[in-house]
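Chains P and V are the protein sequences, given in the same order.
Residues 21 to 279 (the numbering used here) make up the first sequence, in order.
Residues 101 to 955 (the numbering used here) make up the second sequence, in order.
By construction, the Cβ of each residue, glycine as well, lies at the ideal position given by its N, Cα and C atoms.
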Amino acid sequence: MSESIAVPAAGAAEATPTGPVVEAHELTRRYGEGDTAVDALRGVSLEVARGKLTAVMGPSGSGKSTLMHILAALDIPTSGYVVLAGTRLGGLSDTEITKLRRKHIGFVFQFFNLLPMLTAEENVLLPLTIAGKKPDKEWFDGLLKTVGLDDRRDHRPAELSGGQQQRVAIARALVSQPTVVFADEPTGNLDSKTSEEILDLLRQSVDSYGQTTMMVTHDPRAAAIADRILFLADGLIVRDLPRSEPSAVIAAMDELSQD
Amino acid sequence: MLAVSLKGLATRKFRASLTAIAIVLGVAMISGTYVLTDTINNGFDTIFTQSYKNADVVVSGKPAFLNTNGNGVEPPSFSESLLPKIRALPGVAVAAGSVQSDQVRLLKKNGKIVSTGGAPPLGFSIDPRYNQFNPTVLTAGTWPLGPGQVAIDNHTASENGYRVGDSIGVEANSPARPFRITGIAKFAGINSTGGATFALFAPETAQKLFGKVGQLDYIRIQSKAGVSKSQLISEIKPLLPSTATVRDVQAQVKEDRKSLGGFIDFLRYALLAFAFVALFVGSFVIANTLSITIAQRTREFATLRTIGASRRQVLWAVVLEALIVGFVASVVGLFLGLGLAKILNKLFVAVGIDLPQGNTVFATRTIVVSLVVGTLITLIASLRPARRATRVPPIAAVREGSVLPVSRWAKYGPVTSLVVLLVAIGLVCFGALASGIATGPRLLAIGLGVLLLFFGVSMNAAKIVRPLAAVLGAPARSIGGAPGILARDNAMRNPARTASTASALMIGLALVTFVAIFGQGLRASFEDAVNKLFIADYAVTSNTAFVPMSAAVGKGLVGKPGIEVVSPIRAGSAKFLGSVHDVSAVDAQVPKVIHLDWKQGSDSIPGRLGTTGFFTSSKFAKSNDLHVGSRVVFQFPSGKTVTVNLLGTYDEPKGGSPFGDAVLSTTLFDANISQPQDQMVLINSPGGVNSANTTTLDNDLQGFADAKLQTRSEFITNSEKPINRLLNLLYVLLALSVIVSLFGIVNTLVLTVFERTRELGMLRAVGMTRRQTRMMIRYESIVTALMGAALGIAVGTFLGALIVHALSSQGLVFSYPVLTIFYFVVAAIFVGVLAAIVPARRAARLNVLEALQYE
């Protein structure tokens with residue numbers, strides 16, 4: 021079903037191809053009120069670079085998920101703001117955000133979130149179907165080959181392994197060539213061998229498609245594929261590492277938990 | 101999106117079909133109603149058309165007026181001397197005369213009458229020389245030609261084992277006489293004449309038997325080639341007496357149809373009302389099921405939103421799903437209706453409404469209405485849940501156990517639901533109690549109020565779920581132990597869900613409770629009236645108490661042994677004061693058998709009526725501004741008029757009286773009405789009611805197979821039979837909505853079990869047995885059903901008490917049918933047990949390990 025949403029195109033990003041894709045300015049997020057209030061974020065500013073894979077790491081309760089939800093326009097900051105693909109989030113109508121999601125955002129979830137009644141191919145195509153677009157056949161076939169689903173097109177999620185389901189999910193996130201893909205603990209529900217394959221795939225999507233990706237994880241091996249690793253603790257960015265080996269990530273994590 | 105909806109339904113077949121059942125049943129009722137009433141109409145049309153086959157114009161008796169809602173009007177016969185005059189006309193090719201009666205009772209081999217339910221026992225003359233006009237065809241034997249010969253309908257023959265050559269008793273206007281069966285016949289082109297029997301005789305035999313010697317009821321005429329119907333009619337008209345008329349066949353068929361009054365239309369609308377109730381309940385079930393499913397699919401909708409679906413697309417996905425379910429369910433219901441029509445007809449036959457059946461009619465209108473209404477109701481029911489689905493925030497895709505945000509109207513919820521309830525109660529009370537408003541707006545106010553009342557109670561029900569579950573669940577706790585306690589708590593934990601599941605059952609139970617109270621009120625007031633009026637020892641009525649019998653019965657009793665007083669109450673119709681009324685006639689003896697509470701006059705009045713007097717109820721006199729001495733002109737069906745004086749008035753008991761709007765003397769009545777009939781004949785015996793008198797009177801009535809002797813209490817029981825049968829019919833029809841709500845409970849429980857998979861696995865893991873698991877689900881089901889019963893009985897009692905109070909001036913008395921209500925509660929428990937079967941089995945079957953891993 022196609023639908024045209026009449027809002028000004030939010031894609032000012034194309035005008036500045038070299039600038040950051042996502043910028044966060046002094047984000048805070050407070051849940052609840054009064055004595056029981058919890059500050060999940062306490063002033064986070066960052067930039068996500070174009071064509072790079074950025075990882076956000078941190079222990080449970082560090083605020084890393086909250087940060088990603090806010091960057092992806094799923095949640096609203098208590099103060100501060102986000103600029104995504106040149107558009108300042110906040111104050112946008114539901115329709116405008118929908119339009120923004122269609123064009124600029126792809127999601128990879130921890131629990132895959134595939135629609136059980138659709139085949140792998142239909143799941144991958146869904147974002148385009150919803151936006152009323154037709155896929156470019158060649159690009160689509162190439163994408164399925166890249167994620168290794170070429171021979172699983174007609175399988176339903178229930179007939180696929182966890183790793184295969186996550187491949188479908190990654191293909192779905194990539195299919196509309198969004199400005200940024202947000203991956204929320206993409207290996208959190210997978211065994212270590214499968215995790216490795218999925219991480220390779222994510223890395224590959226950055227390398228071969230130049231796909232800007234932001235990943236939240238608490239798995240050091242996952243973080244080790246990133247071009248940049250941000251460490252979050254108690255709602256603040258406490259470390260900022262360039263690409264590192266897993267051992268270095270683990271060491272950084274250990275340091276944090278000793279503080 | 102269409103693909104998403106379709107494929108989603110395909111993977112949820114079981115749940116989708118459970119939802120669909122709610123609509124299937126209601127639509128089947130709509131389609132069944134149309135099929136049945138169309139088929140009945142077709143049956144009547146065929147009979148009426150067949151009756152004049154090959155005729156161009158028809159001469160028939162012309163009553164001065166019709167009375168289709170009361171005692172009915174027998175068209176007057178005309179002299180047979182008309183026939184040769186018509187035959188002599190230049191435009192006439194063939195003309196044949198016939199007589200007809202609807203008082204020709206056939207006797208079974210054991211001497212009892214063949215029951216026709218409420219349908220007429222018909223008799224016709226058949227002249228084989230003019231067989232082109234004969235509406236019947238022989239299935240065996242030959243046409244009756246001489247005295248003592250009869251042909252009977254094939255249904256009576258096969259039901260009672262009669263064959264050609266047998267002797268059969270025939271009773272018409274005089275004691276039964278034996279006839280030889282020469283043939284078995286049937287109406288051409290119809291499947292059943294319903295309860296009606298028919299007997300065919302040679303013309304002179306029929307005239308004698310029907311008391312119409314030298315007279316005719318119909319002349320069927322074929323015109324010569326080239327003579328138009330209107331030409332023929334204008335030739336015939338000058339020859340006719342004032343009591344006869346001539347019509348072309350189409351007009352005559354139309355006229356005959358009028359004799360049915362609006363009965364079939366009434367039947368249709370009444371049945372459609374029940375279909376509507378079932379669909380209304382169905383819409384509750386669908387709305388509830390969809391809300392639960394949508395809550396369970398929160399993550400799916402949220403995911404759709406994160407990958408770019410707009411709110412409108414989510415709305416469409418849900419609505420589309422409902423549309424598909426609604427449409428498929430309507431198609432299934434439509435065809436199920438064909439079968440239901442047969443079941444409904446059996447039901448009607450069982451309560452004594454046996455109507456003719458033509459060939460099954462499956463009209464385009466039936467298809468269109470069934471599909472449109474079924475689909476539309478599903479669509480409307482889906483709107484609210486669909487709107488809820490659009491409020492699922494995208495972030496729910498990444499959060500475990502995310503709940504739907506409350507609507508921005510939610511804070512007004514409690515106030516709105518209270519206001520709805522109060523407005524509903526106000527509307528119902530206004531409709532029922534306000535004085536001086538017309539019937540239309542009154543019924544509208546009540547109808548709208550009741551509809552709103554159901555919504556109002558259901559909206560407020562969630563608030564009383566907890567206390568109600570605590571009370572109703574108490575037995576579950578003591579009987580069921582741990583599973584009982586869990587079941588009660590489960591019923592309380594999502595009050596809105598339990599409330600709306602119970603509300604569906606509430607509607608059905610409220611209506612049956614209302615019917616029970618109303619019926620009880622009718623019976624109580626009727627009994628009260630009979631006890632006040634009936635001072636005779638015995639009454640004689642026809643077998644079907646409400647159908648009058650030939651006056652010959654009462655006349656035949658005069659002077660017989662065991663009789664001290666015999667006094668008939670005739671029933672007929674007359675036109676006076678500008679409209680048609682039921683009238684009665686009595687003789688001087690009536691004060692000895694009926695106690696009349698005279699307002700003006702005394703017990704001497706019946707004896708003084710003569711040919712110039714009448715009396716009436718004080719109420720009728722008042723509303724028509726009549727006073728003792730008022731002169732009123734009565735017109736009888738024959739067209740004759742008489743002027744009579746009002747001699748006295750009596751106070752009618754609230755429960756009604758056996759009299760029509762005016763009471764004449766039998767002398768005046770019999771002189772003006774051609775085939776006088778009695779509502780009842782009342783008898784006093786020397787020494788009152790005793791078994792010796794009963795035996796003697798039964799002997800006196802030998803030969804009148806249709807006459808039934810009864811004491812006062814027997815008379816009450818017999819007269820209440822039709823009321824009771826009607827009540828049973830209403831219960832059965834309302835049972836349909838109860839069944840729909842049963843599926844609602846099944847739906848909720850199945851979805852609940854699905855939702856609590858992990859929890860059930862945990863309970864099993866800590867030692868709950870399969871049996872206990874089943875018990876837990878069953879108790880929850882029973883608690884929900886009892887909640888529906890409690891709400892329904894409360895609403896029904898309120899409505900019943902209100903309407904009975906509003907009609908108290910008509911003699912309705914409020915009397916609580918305790919036993920019946922008790923049965924309803926038992927039925928509700930049964931519904932609960934039944935509804936739990938499938939969900940309980942599903943819950944017990946869960947594999948503990950898989951259930952615990954279930955995500």
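(request) Kindly say whether T118/P, judged by its beta-carbon, lies nearer than 8 Å to any beta-carbon of chain V. (result) yes
(request) Within its chain, find whatever has a CB closer than 6 Å to the CB of G556/V; leave out the 5 residues flanking it on each side and keep chain order. (result) V520, L521 and A524
(message) At the 8 Å Cβ level, is R411/V part of the contact set with chain P, yes or no?
(response) yes
(message) I'd like to confirm the pairing. Which residues does DSSP put opposite Y750/V in its beta bridges?
(response) W698/V and S717/V
(message) Given this structure, state the Cα-to-Cα distance separating K107/V from H45/P, to the nearest angstrom.
(response) 43 Å
(request) May I ask which residues mark the beginning and end of the alpha helix (DSSP H) holding G861/V? (result) T857 to A865
(request) Let me know the secondary structure DSSP gives M235/P once reduced to three states. (result) strand
(request) Please state whether DSSP places P494/V in a helix, a strand or coil. (result) helix
(request) Please state whether DSSP places I206/P in a helix, a strand or coil. (result) Residue identity check: residue 206/P is Pro in the sequence provided, not Ile. P206/P: coil per DSSP, three-state reduction.
(message) Using a Cβ-Cβ cutoff of 7 Å, what residues of the region 417-429 of chain V are near chain P? List them in chain order.
(response) none
(request) Using 10 angstroms around the beta-carbon of Y512/V, count the other beta-carbons present and answer buried if the total reaches 16, otherwise exposed. (result) exposed
(message) Cβ closer than 8 Å: which chain V residues qualify as neighbours of F160/P?
(response) By Cβ distance, chain V contributes nothing, its closest Cβ being about 16 Å from F160/P, past 8 Å.
(request) Take V27/P and list the residues in its own chain whose beta-carbon comes closer than 7 Å to its own, dropping the five residues that flank it on each side. (result) Residue placement at V27/P is poorly supported in this model, since its pLDDT is 38, which falls under 50; the coordinates still yield a value, given next. Around V27/P: T115, E116 and K119.
(request) Report buried or exposed for A928/V, applying the criterion of at least 16 other Cβ atoms within 10 angstroms of its Cβ. (result) buried
(message) Rounded to whole angstroms, what is the Cα-Cα separation between D798/V and S667/V?
(response) 17 Å
(request) Determine, using beta carbons only, whether Y318/V and Q200/V come nearer to each other than 8 Å. (result) yes
(request) Could you tell me which chain P residues have their CB closer than 9 Å to the CB of K113/V, listed as they occur along the chain? (result) In chain order: nothing, as chain P lies at least about 11 Å away.
(request) Work out the CA separation of A532/V and F898/V for me, nearest whole Å. (result) 12 Å
(message) Please identify the residue among R858/V, V615/V, I921/V and V866/V whose C-alpha is closest to the C-alpha of A943/V.
(response) R858/V
(request) Mind checking the region 137-163 of chain V against chain P and listing, in chain order, the residues whose C-beta falls within less than 7 Å of any C-beta there? (result) none
(request) In angstroms with no decimal places, state the Cα-to-Cα distance between G295/V and G217/V. (result) 6 Å
(request) Give the residues of chain P in contact with T398/V, contact being defined as C-beta atoms less than 9 Å apart. (result) Near T398/V there are no residues of chain P at all, since even the closest Cβ is about 11 Å away, more than 9 Å.
(message) Less than 7 Å between C-beta atoms, sequence neighbours within five positions excluded: which residues of the same chain meet that for V461/V?
(response) V135, D138, T139 and N142
(request) Helix, strand or coil for H727/V, going by three-state DSSP, please let me know. (result) coil
(request) Using a Cβ cut-off of 7 Å, pull out every chain V residue sitting near M137/P, in sequence order please. (result) K107, G108, A110 and T111
(request) Let me know the secondary structure DSSP gives I125/P once reduced to three states. (result) strand
(message) Considering only their Cβ atoms, is the gap separating I123/V from G439/V smaller than 8 Å?
(response) no
(request) Assuming L300/V contacts T256/V (C-beta within less than 8 Å), just tell me the rounded distance between them. (result) Rounded, the Cβ-Cβ distance is 12 Å, inconsistent with contact.
(request) Go ahead and label A33/P buried or exposed: buried means 16 or more other beta carbons lie within 10 angstroms of its beta carbon, across all protein chains shown. (result) Any reading at A33/P must be qualified, since the residue scores a pLDDT of 40, below 50, and its modelled position is unreliable; the value itself is stated next. A33/P should be labelled buried.
(request) Work out the CA separation of A422/V and L109/V for me, nearest whole Å. (result) 10 Å
(request) Taking only the alpha-carbon atoms, compute the straight-line gap between R357/V and Q457/V and give it to the nearest angstrom. (result) 15 Å
(message) Just to confirm my understanding: we take F747/V, look at its own chain, exclude 5 residues before and 5 after, and list those with CB closer than 8 Å. What are they?
(response) Per the sequence shown, the amino acid found at residue 747/V is Leu instead of Phe. For L747/V, where only same-chain residues beyond five positions count, the Cβ hits under 8 Å are G701, I705, R708, L709, G713, F714, F715 and V728.
(request) For I66/V, return the contacting residues in chain P, with the cut-off set at a CB-CB distance below 8 Å. (result) Here chain V covers residues 101 to 955 and nothing more, so residue 66/V does not appear.
(request) State yes or no: is the beta carbon of R259/P nearer than 8 Å to at least one beta carbon in chain V? (result) no
(request) Give the interface partners of A151/P over in chain V, defined as CB-CB distance under 8 Å, in chain order. (result) G408
(message) For G172/V and T475/V, what's the separation of their Cα atoms in angstroms?
(response) 43 Å
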